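A.B. asks:
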Amino acid sequence: MQQVVNVQEPVITPRRFKVYQHRQLDKIEALNKVPEDMRFEMKVVANVLPFRVNEYVFNELIDWENVPNDPLFQLTFPQKDMLEPSAFQRMADLMSGKHSTNEVFDLATQLRQEMNPHPAGQMQMNVPHVDGEPLPGMQHKYRETVLFFPAQGQYCHSYCTFCFRWAQFVGKATRFNSNDADQLHRYLAQHKEVTDLLVTGGDPMVMRTRKLQHYLEDLLKPEFEHIKTIRIGTKALTFWPYRFITDPDADDLLRLLEKLVDGGKHISIMAHLNHHNELRTEVCQEAIRRLRSTGVQIRCQAPLLQHINDDPDVWAEMWQKQVSLGMIPYYMFVERDTGAKRYFEVPLERTWEIFQKAYQQVSGIARTVRGPSMSAGPGKVEIQGVTEIAGEKVFALRFIQGRNPDWVQRPFFAKYDPDATWLHHLKPAFGEEKFFFEDEYANMSAMD
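Counting in my numbering, the sequence shown runs from 105 upward without gaps.
1) Please report the distance separating the alpha-carbon of Y319 from that of V157.
2) Kindly list the residues whose CB is nearer than 8 Å to the CB of K147, restricted to its own chain and excluding five residues on each side of it in sequence; keep chain order.
3) Where DSSP assigns a beta bridge to F517, which residues make up the other side?
4) Can you tell me where the beta strand (DSSP E) with T491 in it begins and where it stops?
5) Would the region 345-357 and the region 139-155 be scored as touching if the rule is three or more Cβ pairs under 8 Å?
6) Can W168 be considered in contact with the ligand MN, in the sense that its beta carbon sits closer than 8 Å to one or more heavy atoms?
7) Return the chain-ordered ranges of every beta strand (DSSP E) run that is complete within the region 411-467 and spans a minimum of 3 residues.
8) Residues in its own chain within less than 6 Å of P118 by CB, not counting five upstream and five downstream?
9) Three-state secondary structure (DSSP) at Q183?
10) Just to confirm the assignment, what range does the beta strand (DSSP E) spanning R156 have?
11) Whose C-alpha, out of R347, M478, Q464, is nearest the C-alpha of A406?
12) Looking only at its chain, what residues have a beta carbon closer than 8 Å to the beta carbon of S549, apart from the 5 residues adjacent to it on each side?
13) Is the Cβ-Cβ distance between K339 and S262 less than 9 Å?
14) Alpha carbon to alpha carbon, how far is A553 from H289?
15) Since D141 is in the alpha helix (DSSP H), which residue starts that stretch and which ends it?
16) Using 10 angstroms around the beta-carbon of S372, count the other beta-carbons present and answer buried if the total reaches 16, otherwise exposed.
17) Are the beta-carbon atoms of F499 and L452 separated by less than 9 Å?
18) So, are the CB atoms of F252 and L324 less than 9 Å apart?
19) Helix, strand or coil for Y124, going by three-state DSSP, please let me know.
20) Since I believe M242 is in contact with V231 (beta carbons under 8 Å), could you give me their beta-carbon distance rounded to a whole number of angstroms?
21) Below 8 Å on the Cβ atoms is my guess for R335 versus V274; work out the distance and round it to an integer in Å.
22) Less than 7 Å between C-beta atoms, sequence neighbours within five positions excluded: which residues of the same chain meet that for F539?
23) Could you give the DSSP three-state label for R474: helix, strand or coil?
24) Rounded to whole angstroms, what is the Cα-Cα separation between K137 and Q178?
25) Start and end of the alpha helix (DSSP H) containing Q214?
26) Can you name, in chain order, every residue of its own chain whose Cβ lies under 8 Å from the Cβ of A255, other than the five neighbours on each side?
27) According to the neighbour-count rule (16 or more other Cβ atoms, all chains shown, within 10 Å of its Cβ), is M551 buried or exposed?
28) Please return the same chain residues whose Cβ sits closer than 7 Å to the Cβ of E145, not counting the five positions on each side in sequence.
29) Is the beta carbon of Q410 sitting closer than 9 Å to the one on F448?
30) Would you say P240 reaches chain B, if we count a Cβ-Cβ gap shorter than 9 Å as a contact?
31) Could you spell out where the alpha helix (DSSP H) holding K315 opens and where it closes?
32) Go through its chain and collect everything with a Cβ distance to K497's Cβ below 6 Å, but skip five positions before and after it.
33) At the level of alpha carbons, what is the spacing between V450 and W456?
34) Which residue spans inside the region 325-396 form an unbroken beta strand (DSSP E) run of at least 3?
35) For the alpha helix (DSSP H) containing H289, name the first residue and the last one.
36) With 16 as the cutoff for other CB atoms within 10 Å, does G506 come out buried or exposed?
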């Protein structure tokens, strides 16, 4: 009989959550190592794009001897080139002279509107309607999946500088959110085609467990039998792992997840992990262990980002580390056409090359990952490669998910363009005037 070995759990000391926003940049002592002109540049950018970082991130995850090149520094601290040069200069000039808070706010609002705050038709096409009225805080882009943005979860333990949902954090006018659990439940009960609920943000794991319970526990009732999967998008595993270990209601959270699993729901924690350095701390690994003990699955996803992870070796090591910790590599995304995209975007050809070279380095167990995927207006479009057909160099593409389910798995081809970074930069190959989905997508857009 095989002997069972008891593995002693590490003792994790509770930690006080301490967060810094753009007005507290000067209070972060580690930034004293950064030149003064760079600190001013950070302040300029942080008045336009959201900034929020907690002391666990900058004390445990950033190598300050490698700043500004450290990937976690790039992931959390604003950089000058995240703004267009003219936009940066306008804000820098204002802040260099005599100015009021209102003047800074007004200019920031104007600059944000120039940065495509809600890409891919999120405001116009994704919001469901009942009796002609939009339902706040919800999106229903794909038949099987509804997104819900709980009002209490529309911020994060720290903000990522690349975040495509940056507009959630800079003012009420650009924010999706709802605290109406009854409305969510009524909508789900009426839409039997929906199998998946994605609770997203922001980060739902900033919420107290009792708030999360308010939205999720009723889904165990018989009228929600069609809801098979509950996904929770979060970066708390690496930006505040104490949420799952020593926070006052950490045990309550694990019991809630366990109850949902025992009730027959598939619970998938959609972990946003951008670099393997995020996974190196003992507290992070213990948080992963505790979460997995409830029966949930942890699926990992991230965009490919210049300055942070645009290296196949980084991705291969990250996927291998995820697997070793019991997690599932899920998606490599293309950086979306919003916010600081100019700083992070990588040409589609190079993105595919990085994916291919990383994929070649890992075993089949890590090849659960899909991508590179563009979450564009028509749907999730995967770059399958660059090839030559009948003498023409082309991108091979397919829909992983589409506004029309009939588009899914349909291959199509685009003219090769070495500079393209997004779907709208691509033109149909082989002399075609339009991609096969364009007319139908245009009709969908006109209806909303």
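From the three backbone atoms N, C-alpha and C, an ideal C-beta is built for every residue, glycine too.
Keep in mind it's a predicted model, so treat the numbers as computed, not measured.
C.D. replies: According to the structure shown:
1) As a first step, residue 319 is located in the sequence shown; it is residue number 215 there, counting from the start. As a first step, residue 157 is located in the sequence shown; it is residue number 53 there, counting from the start. The straight-line gap from Cα to Cα measures roughly 27 Å.
2) In the sequence shown, counting from the first residue as 1, residue 147 sits at position 43. The beta carbon of K147 lies closer than 8 Å to those of H126, L129, M199 in the same chain, with the five residues before and after it left out.
3) Sequence index remark: in the sequence shown, residue 517 carries index 413 (1-based). Answer is A500.
4) As a working note, residue 491 is residue 387 in the sequence shown. Residues 483-493.
5) Result no; under three Cβ-Cβ pairs closer than 8 Å.
6) As presented, the structure is devoid of all ligands, the ligand MN included, so that no description of it is given.
7) Secondary structure remark: continuous beta strand (DSSP E) runs of at least 3 residues inside the region 411-467, in chain order: 432-438.
8) The residue labelled residue 118 in the question sits at position 14 within the sequence shown. Here the set comprises T350.
9) Start at 1 with the first residue of the sequence shown, and residue 183 comes out as number 79. It is coil, neither helix nor strand.
10) Counting from 1 along the sequence shown, the entry for residue 156 is found at position 52. From DSSP, the beta strand (DSSP E) with R156 extends over 156-158.
11) For this step, residue 406 is matched to residue 302 along the sequence shown. Answer by Cα proximity: M478.
12) Taking the first residue of the sequence shown as position 1, residue 549 is located at position 445. Excluding positions up to five away in sequence, the list reads G225, Q228, M229, G481.
13) Counting from one through the sequence shown, the residue named residue 339 turns up at place 235. Counting from one through the sequence shown, the residue named residue 262 turns up at place 158. Yes, they are a contact pair.
14) Nothing can be reported for residue 553, as the shown portion of the chain is limited to 105 through 552.
15) The sequence position of residue 141 within the sequence shown is 37, counting from 1. Start and end: 140-150.
16) Translated into positions along the sequence shown, residue 372 becomes position 268. S372 should be labelled buried.
17) Taking the first residue of the sequence shown as 1, we reach residue 499 at position 395. Taking the first residue of the sequence shown as 1, we reach residue 452 at position 348. Cβ distance < 9 Å, so F499 and L452 count as in contact.
18) The residue labelled residue 252 in the question sits at position 148 within the sequence shown. The residue labelled residue 324 in the question sits at position 220 within the sequence shown. Result no, Cβ atoms of F252 and L324 do not sit closer than 9 Å.
19) On the sequence shown, residue 124 is found 20 positions in, with the first residue counted as 1. In the three-state reduction of the DSSP assignment, Y124 falls in the strand class.
20) Reading the sequence shown from its first residue, position 127 is the one you call residue 231. Reading the sequence shown from its first residue, position 138 is the one you call residue 242. So it is a contact: roughly 7 Å between Cβ atoms.
21) Translated into the one-based positions of the sequence shown, residue 335 becomes position 231. Translated into the one-based positions of the sequence shown, residue 274 becomes position 170. Incorrect: roughly 25 Å between the Cβ atoms, too far for contact.
22) Locating residue 539 in the sequence shown gives position 435, where the first residue counts as 1. The residues are F516, P532.
23) The count along the sequence shown starts at 1 and reaches residue 474 at position 370. The answer is strand: DSSP assigns R474 an E or B state.
24) One-based indexing of the sequence shown puts residue 137 at position 33. One-based indexing of the sequence shown puts residue 178 at position 74. Rounded to the nearest angstrom, the two C-alpha atoms are 15 Å apart.
25) In the sequence shown, the residue the question calls residue 214 occupies position 110. Per DSSP, Q214 belongs to the alpha helix (DSSP H) from 205-217.
26) Indexing the sequence shown from 1 puts residue 255 at position 151. The residues G241, N281, S282, N283, in chain order, have a CB closer than 8 Å to that of A255 in the same chain once the five nearest residues on each side in sequence are set aside.
27) Looking up residue 551 in the sequence shown gives position 447. With fewer than 16 other Cβ atoms within 10 Å, it is exposed.
28) Mapped onto the sequence shown, residue 145 falls at position 41. Around E145, the same chain offers K184 as residues with beta carbons nearer than 7 Å, after the five sequence neighbours per side are excluded.
29) Counting from one through the sequence shown, the residue named residue 410 turns up at place 306. Counting from one through the sequence shown, the residue named residue 448 turns up at place 344. Yes.
30) Reference to chain B is not applicable here, since this structure consists of a single protein chain.
31) The sequence position of residue 315 within the sequence shown is 211, counting from 1. Element bounds for K315: 313-320.
32) For the purposes of this step, residue 497 is taken as residue 393 along the sequence shown, with counting starting at 1. The residues are Y520.
33) Within the sequence shown, the letter at position 346 stands for residue 450. Within the sequence shown, the letter at position 352 stands for residue 456. Computed Cα separation, rounded: 10 Å.
34) Counting only runs that start and end inside the region 325-396, the beta strand (DSSP E) elements of at least 3 residues fall at 333-338, 370-376.
35) As a working mapping, residue 289 is identified with position 185 in the sequence shown. Element bounds for H289: 285-294.
36) Within the sequence shown, residue 506 is the residue found at index 402, counting from 1. In this structure G506 is buried. Its beta-carbon is surrounded by 16 or more other beta-carbon atoms within 10 angstroms.
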